[in-house]
Amino acid sequence: MKYVDEYRSAQLALNITQEIRRIQTRPWVIMEVCGGQTHSIVKHGLDYLLPETIELVHGPGCPVCVTSLEMIDKAHAIARRPDVIFTSFGDMLRVPGSEADLFTLKSQGADVRIVYSPLDCLKIAKANPEKKVVFFAVGFETTAPANAMSVWQARRGGIKNFSILVSHVLVPPAIAAILQSPQNRVQGFLGPGHVCAIMGYREYEAISARYRVPIVISGFEPLDILEGTLMTVRQLQAGSAEVENQYARAVEREGNRVAQNLVSEVFEICDRKWRGVGAIPKSGYRLRYEFRDHDAERLFEVEEIDTKEPAICISGQILKGIKKPHDCPAFGKICTPQTPLGATMVSAEGACAAYYAYGRHLETGEIRHAV
Amino acid sequence: MCLGIPGKIIDAYEAQGLRMAKIQFGAIVREACLEYVPEAMAGDYVVVHVGFAISKLDEEEAARTYRLLAEMGQLSELGDLRMDEQGPRGSSS
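As given, the protein sequences belong to chains A and B, one line each in that order. One point on numbering: in the numbering used here, the residue at position 220 of the first sequence is 220, and numbering is uninterrupted. Numbering-wise, the numbering used here comes out as the position in the second sequence, counting from 1, plus 1000.
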């Protein structure tokens, strides 16, 4: 596949890691922000290709993982209603709420359907005028234009039985929260390529300047991640702190203006609670008042839900790059993708789930291979 | 979640008031919305996320990045030569 295969060349990967070894003189801790990058790193073993003194820590960039337990429980309360068809991306279905997950509700008779795109929900709404079709709108800035378009189209087409339950999260406030933590040990970031394809990277320039930290906007293929790491190490070695764009084939500094415009017509910024992390000010989107007729939180009275996470789970510290999956006594034992205890195990893009999927819970010691 | 897959636009058309396209990903063809990449046309490559093209891939940038990566290999080979001249290399571990 063009734009995929050529970014998986083993020879070029080796060239990059050799260059990193050549220029690096001291240890560095680098965080990849996005869950897609985490998945790619663990799947391809990229961290094992790097020198041991370059530590990759895994960021909060998995929207499925960080969707708050309260929001999941709200989704479940809505999905249980007999007059509702509840639609969602597939990866939300296995995420446990306080009592069950959406798969369980489906098996108990709730009409829960997986969609590939939020536009699919409009077709379902048109075909089922007697039902209320609700879409679980989770995601980062990357997904916001798609979700915004579904609401926009519903209003334009007079599709009144369609609404979205919004749990959108934004990346820059989360990076700032990590950098503000007194426990922070992250010295450089691989920035989220697809988030920046939409938003551009001006916001990241402010963060980079304020916290004196290099941020390299990176893609998702192995060579993208390794080159992004090399660019970050170069900056760290030189003592510079700038935003660079490794993923220039897909990302421009200004981002996608057309998409940004529709997103800001439909959504406004709000405070948001992140699973495992807690509340972060101005870190989410909610629907603007003009779109209240499509706002599931307004349409379905859902009582405030009080939730509690298991005490043993350290997912909050993992999401902030303070700890890694192996630091958790529950990892791979009582906490698995089938029985997840917290945020980082609930989705394939969570650090714990990625480690588990690629067998790292079976590792007894270091198996790094020097290249 | 922010998974974006590069695909080639094989046919663009209007549907329900939206600009849509058939997009080829390897051997698979799927429909996606082109509203956010108004400049993209048949033959262009786009990154597709949840049924929406979010970015048109810049072939020149892609070629430039790739060239840099390939050149890096040649450079590090030169580096190896230089190190060899200075004496045997130790283990790279």
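Idealized CB from N, CA, C, for every residue including glycine. Quick caveat: nothing in here was measured; it's all calculated off a predicted structure.
Between GLU227(A) and GLN235(A), the gap from beta carbon to beta carbon reaches 8 Å or more. VAL4(A) counts as exposed, since fewer than 16 other C-beta atoms from the protein chains shown sit within 10 angstroms of its C-beta. One finds nothing in chain B with a Cβ atom closer than 9 Å to the Cβ of GLY276(A); even the nearest lies about 15 Å away. As summarised for the segment 141 to 213 of chain A, the continuous beta strand (DSSP E) elements at least 3 residues long and confined to that stretch are 162 to 169 and 188 to 192, given in chain order.
Taking a beta-carbon distance threshold of 8 Å, LEU93(A) does not count as an interface residue toward chain B.
Here the alpha carbon of ASN128(A) sits roughly 52 Å from the alpha carbon of LEU49(A). By the Cβ rule, the segment 144 to 155 of chain A does not count as touching the segment 93 to 104 of chain A, because fewer than three pairs are nearer than 8 Å. Comparing alpha carbon positions, the residue from LYS2(A), GLN317(A) and HIS44(A) closest to LEU14(A) is HIS44(A).
Interface residue (Cβ-Cβ distance to chain A less than 8 Å): MET1041(B) is not classified as such. For THR336(A), the three-state secondary structure derived from DSSP is coil. In this structure, PHE136(A) places its C-beta atom within 8 Å of the C-beta atom of MET92(A). The three-state secondary structure of PHE103(A), taken from DSSP, is helix. Below 8 Å, too few C-beta pairs join the segment 277 to 284 of chain A and the segment 1054 to 1063 of chain B to call them touching: fewer than three.
Of ASN261(A), VAL112(A) and GLN183(A), the smallest CA-CA separation from ALA75(A) is found for VAL112(A).
When 9 Å is used as the limit between beta carbons, GLU349(A) is near these residues of chain B: MET1001, CYS1002 and LEU1003, in chain order.
For PRO1006(B), the beta-bridge partners assigned by DSSP are VAL1047(B). Residue contact check for TYR1013(B) against chain A: no CB pair falls below 8 Å. Around the C-beta of LEU1069(B), 16 or more other C-beta atoms lie within 10 Å, and the residue is accordingly described as buried. DSSP, read as helix, strand or coil, puts GLU19(A) in helix. Spatial neighbours of GLY255(A) in its own chain (CB-CB distance under 6 Å, excluding positions within 5 residues in sequence) are listed in chain order as ILE198, MET199 and GLY200. Boundaries of the beta strand (DSSP E) around GLY59(A): 54 to 61. Listed in chain order, the alpha helix (DSSP H) elements of length 4 or more contained wholly in the segment 214 to 247 of chain A are 222 to 238. Each of PHE331(A), GLN108(A), LEU262(A) and GLN24(A) was checked against the Cα of PHE291(A), and the nearest Cα belongs to LEU262(A). In terms of beta-carbon proximity, LEU1069(B) lines the interface with chain A, with at least one pair separated by less than 8 Å. Under DSSP, no beta-bridge partner is assigned to TYR3(A). In the three-state scheme derived from DSSP, where H, G and I count as helix and E and B as strand, SER40(A) is classed as helix.
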